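Numbering (the working numbering), first residue to last: 756 to 1042. Quick reminder that beta carbons are idealized off the backbone N, C-alpha and C, glycines included. Predicted model only: the values in this text are computed from it and were never measured. As structure tokens, the structure follows; a few thoughts come after it.
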Amino acid sequence: MEDYRARYIALKRDYEASEGDAASVQALYEYKDALEEQSAPEAQWVLVDVCETLELYKTAYDALRPLVTRGDKKGQKRLGRLLGLQGRGDAFALPRPRGGKEEARQAALLAQLPRFRYHPNPFRTQAFRVAEPPVTCDCCGKPAGVCYEGPFYAVEEVTALCPACIASGRAAQKFDGAFQDDCSLEEGADCPEALDELIHRTPGYRGWQQEYWRAHCGDWCAFLGYVGYRELRQMGLVEEVLDDPMWAQWGEAPEKVLRSVENAGSVQGYLFQCLHCGKHLLWVDCD
Ligand SMILES: [Zn+2]
Ligand SMILES: [Zn+2]
756 MEDYRARYIA LKRDYEASEG DAASVQALYE YKDALEEQSA PEAQWVLVDV CETLELYKTA
816 YDALRPLVTR GDKKGQKRLG RLLGLQGRGD AFALPRPRGG KEEARQAALL AQLPRFRYHP
876 NPFRTQAFRV AEPPVTCDCC GKPAGVCYEG PFYAVEEVTA LCPACIASGR AAQKFDGAFQ
936 DDCSLEEGAD CPEALDELIH RTPGYRGWQQ EYWRAHCGDW CAFLGYVGYR ELRQMGLVEE
996 VLDDPMWAQW GEAPEKVLRS VENAGSVQGY LFQCLHCGKH LLWVDCD
């Protein structure tokens, strides 16, 4: 018992001292995986604590239920509290830092696809998904094992596009469509060739409102993905994204707005990175 608990206490101390940096969260997740393999009740009790720390309330509830006996008042109370929280499921748990098998699988897939400068990892952003079985690309008519799921603004209804038809510009040309509205771009970049690449040959992303594309150093930025305050803190980017004149339009303290940004919440963050100086920039909108 002591060994399981001592390990958890040490991991939680690291987590709190680092304010939840990626390494400390990853270590907690790895410990959770290891505890799930153990059947000893001592391990299962610690598993409940680890899951609560990670805000995996549903998993915590499921692990606790078989451990609590009828006479265990304290346990019953905790079970009741977790039952209330688990309505949110595990969807709002602390995000698991990147890496691992899924990341490796996506990297291998990505290596076979055309490269998108302004949207470098469309799997991570869920703009692309693996289609099993393959779907038919509306543009080239060929089977597509990877299919685009993001926005495409065209008169005709287009349901499936393959990465090659996006990258070549064939899809935009054939349907006279665009992946990003050219009226919703940050000022500061004006190269017509780059503009054509961004709106006609780059997968888009999904915003609550009209998607807006950030620019920096005279060019558009790369879209990295959907984030909240917690993800930014984990990536160590809070200070960097706060250093941005964009916040002036909110009329509120930037720190306050940023703290309310939640991934998949009603105030959503979209993370970009400058392709020239490497600076990270955020865009925020509300539902
Ligand atoms: Zn195609
Ligand atoms: Zn820059």
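Task: Within 5 Å of ligand 1: residues by beta-carbon to any heavy atom - done: 892, 894, 895, 917 and 920
Open item on the list: Quick check: residue 997 and residue 1035, are their CB atoms within less than 8 Å of each other?
Closed with: The residue given as residue 997 occupies position 242 in the sequence shown. The residue given as residue 1035 occupies position 280 in the sequence shown. No, the Cβ-Cβ distance between residue 997 and residue 1035 is not below 8 Å.
Task: Those residues which DSSP pairs with residue 949 across a bridge - done: Within the sequence shown, the letter at position 194 stands for residue 949. In DSSP, residue 949 forms no bridge with anything.
- [ ] Starting from residue 1038, trace the beta strand (DSSP E) both ways and give me its first and last residue.
- [x] Position 283 of the sequence shown, counted from the start, is the residue given in the question as residue 1038. First-last of the beta strand (DSSP E) with residue 1038: 1035-1041.
TODO: Confirm, please, whether the CB-CB distance from residue 890 to residue 862 is below 8 Å.
DONE: Within the sequence shown, the letter at position 107 stands for residue 862. Within the sequence shown, the letter at position 135 stands for residue 890. For residue 862 and residue 890, no; Cβs fall outside 8 Å.
Open item on the list: Could you pull the DSSP bridge partners for residue 884 from this structure?
Closed with: On the sequence shown, residue 884 is found 129 positions in, with the first residue counted as 1. Residue 884 pairs with 902.
TODO: Within its chain, find whatever has a CB closer than 6 Å to the CB of residue 1002; leave out the 5 residues flanking it on each side and keep chain order.
DONE: For this step, residue 1002 is matched to residue 247 along the sequence shown. Here the set comprises 1009.
Task: For residue 860, the nearest candidate out of 845, 884 and 840 (CA to CA) - done: In the sequence shown, the residue the question calls residue 860 occupies position 105. Comparing Cα-Cα distances from residue 860 to each of 845, 884 and 840, the minimum goes to 884.
Task: Below 6 Å from a heavy atom of ligand 2 - residues by beta-carbon - done: 971, 972, 1029, 1031, 1032 and 1034
Open item on the list: So within the segment 914-997, which uninterrupted beta strand (DSSP E) runs reach at least 3 residues, ignoring any that extend past its ends?
Closed with: 977-982
Task: Local conformation of residue 889 per DSSP, three classes - done: Counting from 1 along the sequence shown, the entry for residue 889 is found at position 134. Strand.
- [ ] Taking residue 1022 as part of the alpha helix (DSSP H), name the residues at either end of that continuous run.
- [x] The residue labelled residue 1022 in the question sits at position 267 within the sequence shown. Not the alpha helix (DSSP H): residue 1022 falls in the beta strand (DSSP E), residues 1022-1028.
Task: Distance, residue 895 Cα to residue 780 Cα - done: The sequence position of residue 780 within the sequence shown is 25, counting from 1. The sequence position of residue 895 within the sequence shown is 140, counting from 1. Rounded to the nearest angstrom, the two C-alpha atoms are 44 Å apart.
Task: Expected contact under 8 Å - CB spacing of residue 941 and residue 968 to nearest Å - done: Numbered from its first residue, the sequence shown carries residue 941 at position 186. Numbered from its first residue, the sequence shown carries residue 968 at position 213. 6 Å between Cβ atoms; contact.
Task: Nearest-angstrom Cα separation, counted from residue 970 out to residue 950 - done: Mapped onto the sequence shown, residue 950 falls at position 195. Mapped onto the sequence shown, residue 970 falls at position 215. Going by the C-alpha atoms only, they are around 11 Å apart.
Open item on the list: Under 8 Å, Cβ to Cβ, is there at least one residue of chain C near residue 1014?
Closed with: Note that chain C does not occur in the displayed structure, where there is just one protein chain.
TODO: State the Cα-Cα distance for the pair residue 852 and residue 878, rounded to the nearest angstrom.
DONE: For this step, residue 852 is matched to residue 97 along the sequence shown. For this step, residue 878 is matched to residue 123 along the sequence shown. Distance between the alpha carbons of residue 852 and residue 878 is about 16 Å.
Task: residue 908 (DSSP reduced to helix, strand or coil) - done: On the sequence shown, position 153 is the one that residue 908 refers to. Correct three-state label for residue 908: strand.
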